[in-house]
Every structure is written in C-alpha cells, then in structure tokens.
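Visitor:
Numbering (our numbering), first residue to last: 569 to 796.
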C-alpha cells in the first residue's frame, strides 16, 4: 500500500486565524475571539454535563461570520477546544452538512491516529460533494487503507469532485496498478454508456505510471534506450 512517506504539511492555526480575522467585520471578529476563548477554556470531551458553550458557537458560526467563512471558523473552534474523537463524532452525527464538512476538515489538526477513519468512511458514502471533498483531505491520505482510498478516488470521479481535492493523490497513486485497473474499468463503463470520460481520470491514470515514493526506476541493462 502506498501510504505517504511523510505527513502532509499541517496548516498553521494562528495564520488561519489572522487571515480569517482580516476578512471579518468588527462584530464578527469579536464573536470569533470570544468563541475561541471559550473553546480553549473548555473541559475535555470525557467530562460529564451539558455541552460546553463553544459547541453552541460551532452551530451558529454561519450566522455570525457568514457562510463563506463558517467552515474556517468551525475548524478553528475544534482545534482550540482540542476536540477529541468522541466530540468530533457527536458533532458530525448531529450536525448539518456544513458542520459535518467542518469536522472532516478539522481531522488532520485534531486527531493524531486512525481513530476517526470511521467518519471519513461514512462521509464517502454521502452524495453531498462538499462532504466528499472534505473527506479526502490530509487525514484520509494518511489513514485510509489502500482499498478504501482507491474507492474514495472513484467516488470523487463518480460524483464530480475534482481530484485536486484528494490530498497527496500523486504520492499514493504512484505505482498503484490496482488503482489503474479500477480507473480503466470505470473509463470503459463510461464509454460503453456513451458518457464522456472525465479528464481527471486520464490524469490520475498517468500518475499510476510513476515510481512509488522511495523507489527509483532501474535502467535497462547496458543503459540503452527501451526498444519500441
């Protein structure tokens, strides 16, 4: 299985916050500051009692900072709260589509191991393209096994999610003959049905021809060119 040889570069939450703050008006910035402070001061998700105040902020983010910025604000809240898998799972299961998308976007920042793979797998069964795109981010690149990851690529092609959404696509696709076979079968099915083959599919098949990370191609004996 072609797992990435290194973790994807992690975004800097402080830089994300500065960028977001620069895009908000004064009221929205004040709301964000208060929400992130509440999140940072919250108890962990193993504690008993009602949900902490920051979770209410998580739900209302769209109204407070606008739908264009809500995803980013929610990711920052989850990071500030140090949300564990239990909290992430509950927010995902109970949340709107936008809230689920934010949980998926936050996984790489909030979960170190494979404990949240189930959320990714559930998201990949959805038909919401925003959720599918969020599901194939850096966390999936690190933790999905080969079978699930290949089907995630096909899911993107089937639903029209650009393969640019698939984190570390080139690294994981390199040398993956099984992925190439699956892509070829999908292309044949499309052609037989009289449907266009997505350009992304052709590009992805080309990626499978590359040597896997850490492996170099051995030249033919004598160093000559490969005969036609």
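We put the CB at the ideal spot given by N, CA and C, even for glycine.
Can you look up residue 643 in the DSSP assignment and give me helix, strand or coil?
Guide: Counting from one through the chain shown, the residue named residue 643 turns up at place 75. Residue 643: helix per DSSP, three-state reduction.
Visitor: From residue 740 to residue 630, what distance separates their C-alpha atoms?
Guide: Locating residue 740 in the chain shown gives position 172, counting from the first residue. Locating residue 630 in the chain shown gives position 62, counting from the first residue. One C-alpha to the other measures close to 35 Å.
Visitor: In terms of alpha-carbon separation, which member of 758, 776, 618 and 654 lies closest to residue 683?
Guide: Position 115 of the chain shown holds residue 683. Comparing Cα-Cα distances from residue 683 to each of 758, 776, 618 and 654, the minimum goes to 654.
Visitor: Beta-carbon separation of residue 715 and residue 681 under 9 Å?
Guide: Along the chain shown, read from residue 1 onward, the residue named residue 715 stands at position 147. Along the chain shown, read from residue 1 onward, the residue named residue 681 stands at position 113. Taking 9 Å as the Cβ cut-off, residue 715 and residue 681 do not qualify as a contacting pair.
Visitor: By how many angstroms is the C-alpha of residue 727 removed from the C-alpha of residue 580?
Guide: For the purposes of this step, residue 580 is identified with residue 12 of the chain shown, where counting begins at 1. For the purposes of this step, residue 727 is identified with residue 159 of the chain shown, where counting begins at 1. Their backbone Cα atoms lie some 30 Å apart in a straight line.
Visitor: Are there 16 or more other CB atoms within 10 angstroms of the CB of residue 618, so buried, or fewer, so exposed?
Guide: For the purposes of this step, residue 618 is taken as residue 50 along the chain shown, with counting starting at 1. That one is exposed.
Visitor: Between which two residues does the alpha helix (DSSP H) harbouring residue 657 extend?
Guide: Here the question's residue 657 lines up with position 89 in the chain shown. Note, residue 657: alpha helix (DSSP H), 653 to 662.
Visitor: Rounding to the nearest angstrom, what Cα-Cα distance links residue 625 and residue 603 in this structure?
Guide: Numbered from 1 along the chain shown, position 57 holds the residue referred to as residue 625. Numbered from 1 along the chain shown, position 35 holds the residue referred to as residue 603. Going from the Cα of residue 625 to the Cα of residue 603 covers about 6 Å.
Visitor: Just to confirm, is the Cβ distance from residue 742 to residue 780 under 9 Å?
Guide: Locating residue 742 in the chain shown gives position 174, counting from the first residue. Locating residue 780 in the chain shown gives position 212, counting from the first residue. Yes, the pair counts as a contact, with Cβ atoms nearer than the cut-off.
Visitor: At the level of alpha carbons, what is the spacing between residue 596 and residue 588?
Guide: Within the chain shown, the letter at position 28 stands for residue 596. Within the chain shown, the letter at position 20 stands for residue 588. Approximately 10 Å, taken between the alpha carbons.
Visitor: Rounded to a whole number of angstroms, what is the C-alpha to C-alpha distance between residue 778 and residue 666?
Guide: Taking the first residue of the chain shown as 1, we reach residue 778 at position 210. Taking the first residue of the chain shown as 1, we reach residue 666 at position 98. Going by the C-alpha atoms only, they are around 36 Å apart.
Visitor: Of the choices 748, 621, 598 and 688, whose alpha-carbon is the least far from that of residue 607?
Guide: Counted from its first residue, the chain shown places residue 607 at position 39. Ranking 748, 621, 598 and 688 by Cα distance to residue 607 puts 621 first.
Visitor: Indicate the three-state DSSP secondary structure (helix, strand or coil) for residue 680 in the structure shown.
Guide: What you label residue 680 is simply residue 112 of the chain shown in a count that begins at 1. Coil.
Visitor: Taking just the CA atoms, how far does residue 656 sit from residue 694?
Guide: As a first step, residue 694 must be located in the chain shown, where it is residue number 126. As a first step, residue 656 must be located in the chain shown, where it is residue number 88. Cα to Cα, residue 694 sits roughly 18 Å from residue 656.
Visitor: What did DSSP end up calling residue 692 once you bin it into helix, strand or coil?
Guide: Start at 1 with the first residue of the chain shown, and residue 692 comes out as number 124. In the structure shown, residue 692 sits in coil (DSSP, three-state: anything other than H, G, I, E or B).
Visitor: Within its chain, find whatever has a CB closer than 6 Å to the CB of residue 688; leave out the 5 residues flanking it on each side and keep chain order.
Guide: Translated into the one-based positions of the chain shown, residue 688 becomes position 120. Closer than 6 Å at the Cβ level, and outside the excluded window around residue 688, lie 703 and 708.
Visitor: Does DSSP classify residue 761 as helix, strand or coil?
Guide: Looking up residue 761 in the chain shown gives position 193. If DSSP states are grouped into helix, strand and coil, residue 761 belongs with coil.
Visitor: Tell me whether residue 598 sits in a helix, a strand or coil according to DSSP, three-state version.
Guide: The residue labelled residue 598 in the question sits at position 30 within the chain shown. Three-state DSSP puts residue 598 in a helix.
Visitor: Cα-Cα, which of 586, 690, 674 and 662 is closest to residue 723?
Guide: In the chain shown, residue 723 corresponds to position 155, counting from 1. If we check each option's Cα against that of residue 723, 690 comes out closest.
Visitor: Are residue 637 and residue 592 touching if we call contact CB-CB under 9 Å?
Guide: Within the chain shown, residue 637 is the residue found at index 69, counting from 1. Within the chain shown, residue 592 is the residue found at index 24, counting from 1. Yes, they are a contact pair.
Visitor: Can you tell me where the alpha helix (DSSP H) with residue 768 in it begins and where it stops?
Guide: Taking the first residue of the chain shown as position 1, residue 768 is located at position 200. Per DSSP, residue 768 belongs to the alpha helix (DSSP H) from 767 to 776.
Visitor: Less than 6 Å between C-beta atoms, sequence neighbours within five positions excluded: which residues of the same chain meet that for residue 599?
Guide: The residue given as residue 599 occupies position 31 in the chain shown. 632.
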